[in-house]
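Protein chains in written order, with the working numbering: chain A, 1 to 149; chain B, 150 to 298; chain C, 299 to 695; chain D, 696 to 1092. Notes follow once the structure below has been shown.
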Amino acid sequence: MLYSDKVMDHFQNPRNVGVIENADGTGEVGNPIRGDVMKITIKVEDDKVDDIMFQTLGCGTAIATSSIVTEMAKGMTLEDAVSITKKQVADELDGLPPAKMHCSVLATDGLKAAIDDYLVKNGREPIAGPILSSDPDFDPHGEEDEPAE
Amino acid sequence: MLYSDKVMDHFQNPRNVGVIENADGTGEVGNPIRGDVMKITIKVEDDKVDDIMFQTLGCGTAIATSSIVTEMAKGMTLEDAVSITKKQVADELDGLPPAKMHCSVLATDGLKAAIDDYLVKNGREPIAGPILSSDPDFDPHGEEDEPAE
Amino acid sequence: MDRTVYLDYAATTPVDENVLEAMMPFFSERYGNANSLYALGRDAYTAFEDARERVAALMGATHPGEVIFTSGGTESDNTALIGLATAGGRIKGHVIVSAFEHHAVLAPAEWLGKHGFTVTEVSPRTDGLIHPEDLQAAMREDTVLVSVMHGNNEIGTIQPLRALADIAHAGGALMHTDAAQTLGKIDFDVNDLGIDAASFSSHKIYGPKGFGALYLRKGTRIAPYMMGGGQESKRRSGTQNVAGAVGFARALEIMDAERATEAPLLAALRDRIVEGVLGRLELTSLNCCETKARLPHIANFIIKGVEGEAMLLHLDAKGIAVSTGSACSSGSLKPSHVLLAIGCPQEFAHGSLRVSLGRYTTEKDADYFVDELIPIVERLRSMSPLYAKIKAEHSAG
Amino acid sequence: MDRTVYLDYAATTPVDENVLEAMMPFFSERYGNANSLYALGRDAYTAFEDARERVAALMGATHPGEVIFTSGGTESDNTALIGLATAGGRIKGHVIVSAFEHHAVLAPAEWLGKHGFTVTEVSPRTDGLIHPEDLQAAMREDTVLVSVMHGNNEIGTIQPLRALADIAHAGGALMHTDAAQTLGKIDFDVNDLGIDAASFSSHKIYGPKGFGALYLRKGTRIAPYMMGGGQESKRRSGTQNVAGAVGFARALEIMDAERATEAPLLAALRDRIVEGVLGRLELTSLNCCETKARLPHIANFIIKGVEGEAMLLHLDAKGIAVSTGSACSSGSLKPSHVLLAIGCPQEFAHGSLRVSLGRYTTEKDADYFVDELIPIVERLRSMSPLYAKIKAEHSAG
Ligand SMILES: Cc1ncc(COP(=O)(O)O)c(C=O)c1O
Ligand SMILES: Cc1ncc(COP(=O)(O)O)c(C=O)c1O
């Protein structure tokens, strides 16, 4: 299994690590039982992601995708930010090993949760839709690559 | 599978090859279907094997055991000669590979057949007992070494 | 002995020095476990996957993932036969194999026969070929798998695989072929041949022993045979033998590069031997000599009135290595099932001699072999209690 | 990276240079097929059988024929589990395996469970040991086979095999052990241990990958797993990998010669690492540290609040190779079944780190590892959204 240079760069030097004090929105997804938990905090200005930070307990992919998703989202409208797909995250990282694709769901879900949190806190409707990875029964390996016999 | 030096010597330089003209006794055993046929001719003097020659179509062991059995039998009383066992033949050759033990039956059987032939021709009782290897249904591999699963 | 003339390349081959050179770093330096995530493991993984890609390309596979690395031809055959027949939990069905398969196919077929499946053996005809119409006649409603070898290891005939595969597929069955003797030696393209699975062995093409591969067409379900850690995309467990894979890939590359020059050379040397032997020995024939589709490097003679092992041992004393289908050479009761399958009478099958040439065979080797063989056969015939009779029968007939 | 510190000897080992030297002639010079009768074949046969004798002697086997050579630990395990359970055509019965076996044992056991047999898993206790009374409780009238590994590959605990074998035998069952991690590393004698079968892997003891052996007590029936040409007295078909056997035998000889000095050295280095890690990292523990019967070279830590793969990758960036039982490192859903079996909570199992030392590990390596690990763990903990909470809970509890 091989990681791209970009995955390794974001893993080794993750961007936007930390917690924003007095954040406008907070998303925490994942499950320690599964070995990955991610927390995203955002500041919102004009319905745009003005600032964003993350904390992640997880594997290399979880950290790298967390890092890149904060870079991708920064400056985006909330609407654009919630619609970032795990495929886009993987592409932005020059691809992920097939067995690791599922780990990228955490990053997009964390972002979604933070945005919905902001919206709901502000009396607005959530827009992210269901957030799978915060369900403790969610099986991140549900969509595996190679079929086993 | 390894042959002893003595097997190889008797295979490479078989003793007493040929057919005795006007032999007193002739034994032919084996089966071309099985790939081995041996013919022994003997001259008898005073109920002793005075001269003995063999012809063999067969594998290295068949030839080597044929050769050694002629050496062993020469000079023996007929009674001693018929009682040479395949184990004695193998020992005399410094052993045979387990998978090849069965090939040595031909040599002793050929000798037995030749002696009985002499006895019967001279109106006497045969003394060799049943000669398995001239039976076309005889399975020379009947007593194999390693049990297969 | 002074000379050594190896003429048993179909049994095994020396590792080509370029192959060994390619393997060397993977023993003590680049020794990582290909499943490990750190640099040494990734290096092993990369080399292993690179080998897979090269092997896949050289057999015309569409995806590298269609190549599963194994411990040899035997494992590939066992995996194909049992893994394909029992894929998806299938517990019964009809399997067809040819009667002159290698035991590595026949034995698992027999196992299937004892474990719920029905097995039919299709016989080759005397030309050493499985005729499509004979396969057609053996097909049944419930045939799930057909396995017919590509090049026969004893007599060298090459089967009309495409036609056989078409019949298997038309009947809804998968087509496997044991290509241990052909990959690298003749043109081999999985798509041209239309096969679903094929077995290969590294030590037949100047690669290391204990390594092989199974081609498995994408989408073909298989039950893994070697079960455990889930390597090879869960299709073959066991720590990857990286040196083996690198050696196999390099060996195949060399075969591919040399084939255009090597094959005609081998065929010429083989014909030289055939002419020498048939020209100088009476009551001697070449098995399936009328068949055009034959491997360039194998000649299988029937030399009447002699037993194979005896010839082999005398040749050995002259430094010559060949093989025989005689029963006595294998410690089994019957002579080669291949020779019997093509209709060779049992008594003459004991007199078979297989000569197989390879990369390092020279014209001198060929001549030396013929020159040494003649007196050996004459001597053995002179010791035989039957030869005079055989000859007389022949002259009479 | 400047330094390379390999601390994953339990995953695989480099081929010892003396082993490679012993193997070298068998690739391109002494390349004969060990089944062939001519000189080159006899030479290969002799070398192969010589290797078998040496291997047999080094494990205390009574007869060389009790050693069957295979393609690795996985094949040995598959052969033992399926071959022993189904020997003599048996189609049902009860099989017991421990819950923390290698997948090469668990997977064939699962196969047996789907093919007529009943399988019971006996759990180790938190000390990492299978207690004889727990095996006793699992035994049934119809138990035919018990398989408990000798040394666990993740946590290094050594099972009380003799006691387990006695229970199996008293119940009329055969006793198999996966000794891939112990042969050569600790005293190993098949008769002292009282086992009927044992699996070994060459690449765990500085031998080549793709080779292994199965010890099978004389008289024990087994259905061959690799079927074909009937090599290994019909118990394992496939052209013999002579270089592999010679390498394995040499590797084992070296292990044997070095053990008395190597084992205490490794234990000292391991303890140095354990003290360093536990002394400098909070919320960190050593799995089964209270158990005396442990392999000298394996230490398995649980480092709370970090995920194993992330540690592993950061260590890799420093040139350090270790492994983890984290799910993410294997692409599987659950973390190491071994850690779960000994009662490690799943959330902490993701933070496991296995360090395994070997022949070339130095004190400097040990210290370098500890020095590099500390800041990595601290950094990852500082990035974790949970660590503050874990720590608070710990202080409170
Ligand atoms: C046609 C054929 N199939 C299978 C095999 C078995 O291959 P291996 O020796 O690599 O197990 C061989 C050679 O022994 C062979 O010639
Ligand atoms: C305990 C144990 N059993 C079996 C195996 C499998 O051995 P191999 O990799 O040689 O197939 C291993 C190592 O991978 C192991 O550690």
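For each residue, glycine too, the CB sits at the ideal point set by N, CA and C.
Point to revise | Sufficient close CB pairs (3 or more, under 8 Å) joining the segment 523-533 of chain C to the segment 790-804 of chain D | key: Segments in contact, yes.
Review point. What are the start and end residues of each continuous beta strand (DSSP E) run of 3 or more residues lying completely inside the segment 157-199 of chain B, in chain order?
Key: Correct list: 174-180, 185-194.
Exercise for review: Please state if the CB of residue 706 of chain D and the CB of residue 1018 of chain D are separated by a distance shorter than 8 Å.
Suggested key: Yes, they are a contact pair.
Point to revise | Range of the contiguous alpha helix (DSSP H) that encloses residue 494 of chain C | key: Segment: none, residue 494 of chain C is in no alpha helix (DSSP H) and carries neither H nor E.
Review point. CB of residue 501 of chain C to nearest heavy atom of ligand 1: below 7 Å?
Key: For ligand 1, at least one heavy atom lies less than 7 Å from the Cβ of residue 501 of chain C.
Check your understanding: Taking all protein chains shown into account, do 16 or more other C-beta atoms lie within 10 angstroms of the C-beta of residue 143 of chain A, making it buried, or fewer, making it exposed?
Key -> Because the pLDDT of residue 143 of chain A is 45, which lies under 50, any placement of that residue in the model is unreliable, and the number read from its coordinates should be weighed accordingly. Around the Cβ of residue 143 of chain A, a 10 Å sphere holds fewer than 16 other Cβ atoms; the residue is exposed.
Point to revise | CB contact check: residue 292 of chain B to chain C, cutoff 8 Å | key: Confidence is the limiting factor: at residue 292 of chain B the pLDDT is only 45, short of 50, which leaves the residue's position unreliable, though a coordinate-based value still follows. It does not; no Cβ of chain C falls within 8 Å.
Point to revise | Neighbourhood of residue 430 of chain C by C-beta, 7 Å cutoff - its chain only, sequence neighbours within 5 removed | key: Excluding positions up to five away in sequence, the list reads 458, 461, 462, 465.
Practice item. Give the DSSP-derived three-state secondary structure of residue 345 of chain C in the structure shown. Key: Here residue 345 of chain C carries a helix assignment [DSSP, helix/strand/coil].
Point to revise | Residue closest to residue 690 of chain C, alpha-carbon to alpha-carbon, out of C:671, C:602, C:670 | key: Looking at the Cα atoms, C:602 is the closest of the given residues.
Check your understanding: Are the segment 444-452 of chain C and the segment 468-479 of chain C touching by the rule of at least three beta carbon pairs closer than 8 Å?
Key -> Inter-segment contact for the segment 444-452 of chain C and the segment 468-479 of chain C is present: three or more beta-carbon pairs are separated by less than 8 Å.
Check your understanding: How long is the line joining the alpha carbons of residue 351 of chain C and residue 9 of chain A, rounded to whole angstroms?
Key -> Residue 351 of chain C and residue 9 of chain A: Cα-Cα distance of roughly 28 Å.
**Study point:** Ranges of the beta strand (DSSP E) found wholly within the segment 410-467 of chain C, counting only runs of at least 3
**Key:** You should have 415-420, 441-445.
Point to revise | CA-to-CA distance, residue 1076 of chain D to residue 1061 of chain D, given in whole angstroms | key: Residue 1061 of chain D and residue 1076 of chain D have their C-alpha atoms spaced approximately 22 Å apart.
Review point. Under a Cβ-count criterion, where at least 16 other Cβ atoms within 10 Å of its own Cβ denotes burial, should residue 234 of chain B be classed as buried or exposed?
Key: Residue 234 of chain B is exposed by the Cβ-count criterion.
Practice item. Give the straight-line distance between the Cα atoms of residue 302 of chain C and residue 151 of chain B, rounded to the nearest whole angstrom. Key: Each residue's Cα considered, the two are about 19 Å apart.
Exercise for review: Give me the Cα-Cα distance between residue 5 of chain A and residue 100 of chain A, rounded to the nearest whole angstrom.
Suggested key: It is roughly 15 Å from the alpha-carbon of residue 5 of chain A to the alpha-carbon of residue 100 of chain A.
Exercise for review: For residue 925 of chain D, verify whether its CB is less than 7 Å away from any heavy atom of ligand 1.
Suggested key: False, no ligand heavy atom lies under 7 Å from that Cβ.
Practice item. Using a Cβ-Cβ cut-off of 8 Å, state whether residue 723 of chain D counts as contacting chain C. Key: Residue 723 of chain D counts as touching chain C.
Review point. Taking 8 Å as the CB-CB limit, is residue 319 of chain C close to chain D?
Key: Taking Cβ atoms only, chain D never reaches closer than 8 Å to residue 319 of chain C, which makes this a no.
Exercise for review: Mind listing the chain B neighbours of residue 611 of chain C? Cutoff is C-beta to C-beta under 7 Å, in chain order.
Suggested key: Residues of chain B whose Cβ lies closer than 7 Å to the Cβ of residue 611 of chain C are, in chain order, 160, 209.
**Study point:** Given residue 201 of chain B as reference, the closest of B:210, B:169, B:194, B:279 once Cα atoms are compared
**Key:** Checked all of B:210, B:169, B:194, B:279; the closest Cα to residue 201 of chain B is B:169.
Check your understanding: What residues of chain F sit near residue 1004 of chain D, judged by a beta carbon separation below 8 Å?
Key -> In summary, chain F is missing from the structure at hand, where the protein chains are A, B, C and D.
Check your understanding: What's the gap between the Cα of residue 1003 of chain D and the Cα of residue 111 of chain A?
Key -> If I take the Cα positions, the gap works out to 24 Å.
Exercise for review: Please name the residues in the segment 342-359 of chain C whose beta-carbon is closer than 9 Å to at least one beta-carbon of chain A, in chain order.
Suggested key: Residues of the segment 342-359 of chain C with a C-beta atom less than 9 Å from some C-beta of chain A are 343, 344, 347, listed in chain order.
Point to revise | Check: residue 257 of chain B C-beta below 7 Å from any heavy atom of ligand 1 | key: Not so, every heavy atom of ligand 1 lies at least 7 Å from the Cβ.
Point to revise | Contacts that residue 937 of chain D makes with chain C (C-beta to C-beta distance below 8 Å) | key: The answer, in chain order, is 507.
Exercise for review: Please decide whether residue 192 of chain B counts as near chain C, where near means a Cβ-Cβ distance under 8 Å.
Suggested key: It does not: the Cβ of residue 192 of chain B has no partner Cβ on chain C nearer than 8 Å.
Exercise for review: For residue 767 of chain D, return the contacting residues in chain C, with the cut-off set at a CB-CB distance below 7 Å.
Suggested key: Those are 536, 537, listed as they occur along chain C.
Review point. Would you say residue 148 of chain A reaches chain D, if we count a Cβ-Cβ gap shorter than 8 Å as a contact?
Key: Note on residue 148 of chain A: pLDDT 33, under 50, position unreliable in the model; the coordinate value appears next. The C-beta of residue 148 of chain A comes no closer than 8 Å to any C-beta of chain D.
Check your understanding: With 16 as the cutoff for other CB atoms within 10 Å, does residue 886 of chain D come out buried or exposed?
Key -> Classification for residue 886 of chain D: exposed.
Exercise for review: Report the residue from C:483, C:454, C:434 whose alpha carbon sits nearest the alpha carbon of residue 469 of chain C.
Suggested key: Proximity to residue 469 of chain C across C:483, C:454, C:434 peaks at C:434, based on C-alpha coordinates.
Point to revise | Straight-line Cα distance separating residue 255 of chain B from residue 223 of chain B | key: Inter-residue distance for residue 223 of chain B and residue 255 of chain B is about 17 Å (C-alpha atoms, whole angstroms).
Review point. Is the Cβ of residue 299 of chain C closer than 8 Å to any Cβ of chain A?
Key: Because the pLDDT of residue 299 of chain C is 49, which lies under 50, any placement of that residue in the model is unreliable, and the number read from its coordinates should be weighed accordingly. No, residue 299 of chain C lies away from the interface with chain A (no Cβ there is under 8 Å from its Cβ).
Exercise for review: In the DSSP assignment, find the beta strand (DSSP E) that holds residue 525 of chain C and state where it starts and stops.
Suggested key: Premise fails: residue 525 of chain C is in no beta strand (DSSP E) and is neither H nor E.
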